[in-house]
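Peer 1: Mind having a look at this structure? Questions to follow.
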Amino acid sequence: PACDSNRDCVFGVLPSIADGESYVLTSYFHEGFGKDAEAARFLEQTTFGPTKVDIAALSETGSSVPDFTSWIKAQFGEMTSHREFYRRRLNARMEYASHAYIPMTKT
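Each residue of the sequence shown is one higher than the one before, counting from 50 in the numbering used here.
See the structure below:
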C-alpha cells in the first residue's frame with residue numbers, strides 16, 4: 050500500500066467520481082444474534098457447511114462470543130497429508146499373518 054505523511058494508506062485505486070460526490074466506507078457490527086447464530090455464521094463461512102453438533106461445540110466456547118481463534122488453531126492442529134491418507138487406504142497392509150493358500154493333500 051502507498052501511505053502519505055498522515056499515515057493514510059491507499060490499497061487500491063477507485064474510479065474517478067464527479068465533483069461534490071464521495072465514497073463512503075460502511076462497516077456493520079452484528080450484535081444480539083446470540084452465540085448459536087454467531088457460531089453458525091462463522092462456520093458457514095469457514096467450512097463446507099456446519100452441522101448442529103459443530104454449532105453447539107463452538108457455541109460452548111468463549112464467554113459472550115464463541116472463541117473463533119481457538120477453533121481456527123484446532124483446525125490447523127488436525128491437518129493431515131492427503132498423500133498419507135490416500136496411501137494408507139490404497140496400500141492397506143495386513144496387520145497379522147494370514148494363510149491365504151493352504152494346500153490340500155489326498156488321504
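Glycine included, C-beta positions come from ideal geometry on N, C-alpha and C.
In whole angstroms, what is the alpha-carbon distance linking Q94 and S130?
Peer 2: Counted from its first residue, the sequence shown places residue 94 at position 45. Counted from its first residue, the sequence shown places residue 130 at position 81. Whole-angstrom Cα-Cα distance: 23 Å.
Peer 1: Between G98, G83, L63, which lies nearest to T110 when the distance is taken from Cα to Cα?
Peer 2: Here residue 110 refers to the residue found at position 61 when the sequence shown is read from its first residue. The residue with the shortest Cα to Cα distance from T110 is G83.
Peer 1: Kindly indicate the opening and closing residues of the alpha helix (DSSP H) around F91.
Peer 2: Your numbering for residue 91 matches position 42 in the sequence shown. Element bounds for F91: 84-95.
Peer 1: What's the gap between the Cα of G69 and the Cα of A89?
Peer 2: Counted from its first residue, the sequence shown places residue 69 at position 20. Counted from its first residue, the sequence shown places residue 89 at position 40. Answer to the nearest angstrom: the Cα atoms are 42 Å apart.
Peer 1: Between the alpha carbons of S119 and T75, how many angstroms are there, rounded?
Peer 2: Reading the sequence shown from its first residue, position 70 is the one you call residue 119. Reading the sequence shown from its first residue, position 26 is the one you call residue 75. Going by the C-alpha atoms only, they are around 29 Å apart.
Peer 1: DSSP three-state call for G126: helix, strand or coil?
Peer 2: Translated into positions along the sequence shown, residue 126 becomes position 77. Three-state result, G126: helix.
Peer 1: Here's the rule: buried if 16 or more other CB atoms are within 10 angstroms of the residue's CB, otherwise exposed. What is E87?
Peer 2: Residue mapping note: residue 87 aligns to position 38 of the sequence shown, counting from 1. Classification of E87: buried, given that the 10 Å Cβ count is 16 or more.
Peer 1: For a test of the three-state rule: what should DSSP assign to A67, helix, strand or coil?
Peer 2: Stepping through the sequence shown from its first residue, residue 67 is reached at position 18. Here A67 sits in coil by DSSP.
Peer 1: On a Cα-Cα basis, can you pick out the residue from V73, D103, G61 that is closest to Q124?
Peer 2: Here residue 124 refers to the residue found at position 75 of the sequence shown. The residue with the shortest Cα to Cα distance from Q124 is D103.
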